[in-house]
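Number 17 in this note's numbering belongs to position 28 of the sequence shown; there are no gaps in the numbering.
The structure under discussion appears below in the form of structure tokens.
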Amino acid sequence: MKISPKVLIFALLTVASSTSALAQPTEPTPYVPDGEVAPTQPQAPVVDPNPGAAFHDQALEAFARRNYEEAVGLIRQAIQAEPTNPVYYRSFARTYYAMGNHDLAVLYYDIYLNQFAEFAASVDNRRTRLAVIQSEREEANSRRTVPGMPPVTPADQVSAVATLRERLTTGP
């Protein structure tokens, strides 16, 4: 099952659009009267290369305590801070799987496998790791359908993304 680029871009833009509320205000430039020397400029702030890592670490702790709702909120914040980190999408998939929400688990496994295939292939023991991720995805897929029901269609995926968008903007 592939996710169309339009659906992925829509999901990522939805996540990214909510990050503006997290932006830090800049400090105003001090006033310097004419003829006076301006004080030395402050050093540029250090930019965290992994701004979502703290949220993700807290999410892993919440997951370990089986507090899945808290984990989902923290992973959402991690994705908002760093939407291109593939690890967060896999954590989302695992958390939704643990919660029994197999439709969203499959969606996030698909995002991880399809959109971050290069990352997944670059990690050590890539064949084993990719096989594990694919088996996790298949397990989630097998549990999400009711016996005798047809498989999820692209329209169902669009609906799941719309639900995701709503959850990202309004919360769980």
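For each residue, glycine too, the CB sits at the ideal point set by N, CA and C.
Beta-carbon to beta-carbon, residue 94 and residue 129 are separated by about 4 Å, close enough to satisfy the 8 Å threshold. Closest option to residue 127, judged by alpha-carbon separation, among 104, 105, 63 and 97: 97.
In the DSSP annotation of this structure, residue 104 is not part of any alpha helix (DSSP H), being labelled neither H nor E. Residue 155 carries a helical assignment under DSSP once its states are collapsed to helix, strand and coil.
Scanning 120, 38 and 106 for the CA closest to the CA of residue 78 turns up 106. The DSSP-derived three-state label of residue 71 is coil. Straight through space, the alpha carbons of residue 89 and residue 125 are spaced by roughly 13 Å. Rounded to whole angstroms, the separation of the alpha carbons of residue 123 and residue 66 is 25 Å. Taking a contact as a CB-CB distance under 8 Å, the pair residue 103 and residue 71 does not count as one, their CB atoms being some 19 Å apart. Close CB contacts of residue 64 within its chain, under the 8 Å cut and outside five residues either way in sequence, are with 44, 45, 48, 77, 80, 81 and 84 (chain order).
Each of 100, 120, 121 and 131 was checked against the Cα of residue 68, and the nearest Cα belongs to 100. Between residue 55 and residue 152, the alpha-carbon positions lie close to 23 Å from each other. The closest CA to that of residue 42, considering only 58, 120, 73 and 159, is found on 73.
Judged by DSSP in its simplified three-state form, residue 62 adopts helix. Taking residue 59 as the centre and dropping the five residues before and after it, the same chain places the C-beta of 51 closer than 6 Å to its C-beta, in chain order.
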